[in-house]
């Protein structure tokens, strides 16, 4: 079905089901720095929009629900002046409608509670509210207008205050902690072996290998705390930090990239990566820090594990 057909079907549905209703289109907008909402009533015509405070912490879902709430508040305030006592709120937020349809104890928020209470109040005053989903960006004029109105609010100078929900406060605390953690890591990562491999604190879904002993070796190689001569020498466990075969410090980079004892194993390692369309062969790539999709990273780590097993350099490998 093409966009024009979807548009026509949507308009036909609205006309058939809601010809006697007041039509209110709502939408939310979200940028990195702000969150906003808007409503549009084509029959009056009337439009309003709101920039919501704490924008970076809000979700697009919150913006969509906020627009629904404000449209219901508008109805409650202006209902004595309206000819039509039934209203349909048309939103392109299918997830927002699902949230309101399936409210259960423990999942409610102050915003959804407010919407529910407004619906009850309006119903008690003989105003019936219906929520109707409409597809976005198919050319339905009311929806397009609501989208424009909501986006325009992002440039408003003064945001509307609205209390943070518990989830949003939790998100704020988590973001602050992660930002502090990242700043601290940035300040020291250049002095850490893992700083070569991992530029940020984000978790690696591919970092856990199914065999515990190999996972331990790979992790120790990443942080540089592994039973290679250079590390053992730092703790006075060996007199000489050098590789016994190459007479150069035996570091993770030396073991992986250049030790002459493992030339054959390394050639096989490199060829396996080439076969998997991994053309780069350096410490960062082979230890999971390259710019590859998660599934490709898992293949790289499994290939690294084979190299570790085949070299038999580590007692637990």
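Residue numbers (the UniProt record's numbering): 1 to 317. The beta carbon of each residue, even a glycine, is placed where N, CA and C say it ideally should be. Remember, predicted model here, so these are calculated numbers, not experimental data.
Which one of 201, 263, 71 has the shortest CA to CA distance from residue 91?
71
Tell me the residue span of the beta strand (DSSP E) that contains residue 25.
22-30
Can you check whether the CB of residue 127 is closer than 8 Å to the CB of residue 85?
yes
Going by C-alpha to C-alpha distance, which of 114, 149, 93, 49 sits closest to residue 160?
49
If we call anything under 8 Å between Cβ atoms a contact, is residue 156 one with residue 51?
yes
So, are the CB atoms of residue 100 and residue 131 less than 8 Å apart?
yes
Beta bridge counterpart(s) of residue 161 as assigned by DSSP:
DSSP, once it has assigned bridges, lists no residue as partnering residue 161.
Given 8 Å, three or more beta-carbon pairs between the stretch 17-28 and the stretch 50-65:
yes
Residues bridged to residue 88 [DSSP beta-bridge criterion]:
23, 130
On the CB-based measure, 16 or more other CB atoms within 10 Å of its CB, does residue 77 come out buried or exposed?
exposed
Residue 245 in three-state terms, based on DSSP
coil
Looking at the secondary structure, which residues open and close the alpha helix (DSSP H) in which residue 68 lies?
60-78
Since residue 204 contacts residue 288 with CB under 8 Å, what's their CB separation in whole angstroms?
6 Å
Quick one: what's residue 47 bridged to in DSSP?
40
Going by other Cβ atoms of all chains shown within 10 Å of its Cβ, with 16 needed for buried, is residue 36 buried or exposed?
buried
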